[in-house]
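Below: the structure, in structure tokens.
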Amino acid sequence: MGRMTESKSVLVKRGLAWAIDSFLVLFLISVVVIFTAERYDVPDSWSEKEACSQFSDSSDNCLVVLDEALVFDLGVKSPIFWIPFFGLLANFVVLTGLTGFSIGKLICGIRVINRGSQKLPGLTAAAGRTLPWILVTAFPQIGLGLLFVEIGLVVGSSDRRRLGDRIAGTLVISRSTSQDN
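This is the structure in structure tokens:
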């Protein structure tokens, strides 16, 4: 019974850690947008649609905030792509590989270990765990489908392992369980 309770506890903590890590990536994207966007004054009488059609070729890269239109580059060469991407790699590959924690997992009291050795996953396994999210970054069209697959695997399996854990041979456990490792 103790293992089942811990498994459910880790499941809830994983969800919270994922939300924290996702918020950090979104925050980083927001900061990059704020500092790199071209700014245009918008007359009070214009709607967001009118302003964006005036200042940008696409509504996908334009946002009206108060009386300003922010127009930003969404291309692959854009800092809006690369800075959050490297932040994601630093958090999920480097930090997790070397410490067993992403920032969200550290806050939530869980960690990633190698399923076989019960030790830190290392950079290669952490990269394998992150592969599904790298694919989502490269191909955003698969994002929602992959999210459902990941949730289904975590909720539906007895060891609560998502696709990335299966690729990398890792397991997420409560930090208190791993104090002697």
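All residue numbers for the sequence shown refer to our numbering, where the first residue is 4 and numbers rise by one. Just so you know, even glycine gets a beta-carbon here, dropped at the ideal spot from N, CA and C.
*asked:* Between the alpha carbons of residue 179 and residue 13, how many angstroms are there, rounded?
replied: Taking the Cα positions, residue 179 is about 11 Å away from residue 13.
*Rounded C-beta distance between residue 15 and residue 82? I'm assuming under 8 Å.*
Between residue 15 and residue 82 a beta carbon distance of about 35 Å is seen, past the 8 Å cut, so the two are scored as non-contacting.
_Per the DSSP calculation, residue 173 is bridged to which residue(s)?_
Under the DSSP definition of a beta bridge, residue 173 partners with 117.
*For residue 54, which residues from the same chain have a beta carbon less than 6 Å from its beta carbon, with the 5 sequence-adjacent residues on both sides left out?*
Scanning its chain for C-beta atoms nearer than 6 Å, with the 5 sequence neighbours on each side dropped, one finds around residue 54 the residues 45, 67 and 72, in chain order.
_Same chain, Cβ closer than 6 Å to residue 115, five either side skipped, listed in chain order_ = Once the five neighbours on either side are set aside, the close Cβ partners of residue 115 are 99, 103, 124, 173 and 175.
*Note down the Cα distance separating residue 23 from residue 64, rounded to an integer number of angstroms.*
A direct Cα-Cα distance of roughly 25 Å separates residue 23 from residue 64.
*Identify whether residue 63 lies in helix, strand or coil by the three-state DSSP scheme.*
Reduced to three states, the DSSP call for residue 63 is helix.
_Considering just the uninterrupted stretch of the beta strand (DSSP E) at residue 72, what are its terminal residues?_
Start and end: 71-74.
*Which residues mark the beginning and the end of the beta strand (DSSP E) in which residue 42 is found?*
Per DSSP, residue 42 is one residue of the beta strand (DSSP E) stretching across 41-44.
*For residue 68, which residues does DSSP report across the bridge?*
Bridge partners of residue 68: 71.
_Here's the rule: buried if 16 or more other CB atoms are within 10 angstroms of the residue's CB, otherwise exposed. What is residue 167?_
That one is buried.
*Contact set for residue 77: own chain, Cβ-Cβ below 7 Å, skip 5 residues either direction*: Its chain contains 63, 64 and 83 as the residues whose beta carbon lies nearer than 7 Å to that of residue 77, once the 5 sequence neighbours on both sides are disregarded; these appear in chain order.
*Mind reading off the beta-carbon distance from residue 220 to residue 126? Whole number of angstroms is fine, and I expect it under 8 Å.*
Since the displayed the chain opens at 4 and closes at 184, residue 220 lies outside it and no answer follows.
*Distance, residue 111 Cα to residue 184 Cα*: Any reading at residue 184 needs caution, since the residue's pLDDT is 46, under 50, leaving its predicted position unreliable; the model's value is listed next. Looking at the two C-alpha atoms, the distance is approximately 18 Å.
*Tell me whether residue 147 is buried or exposed, calling it buried when 16 or more other Cβ atoms sit within 10 Å of its Cβ.*
Exposed.
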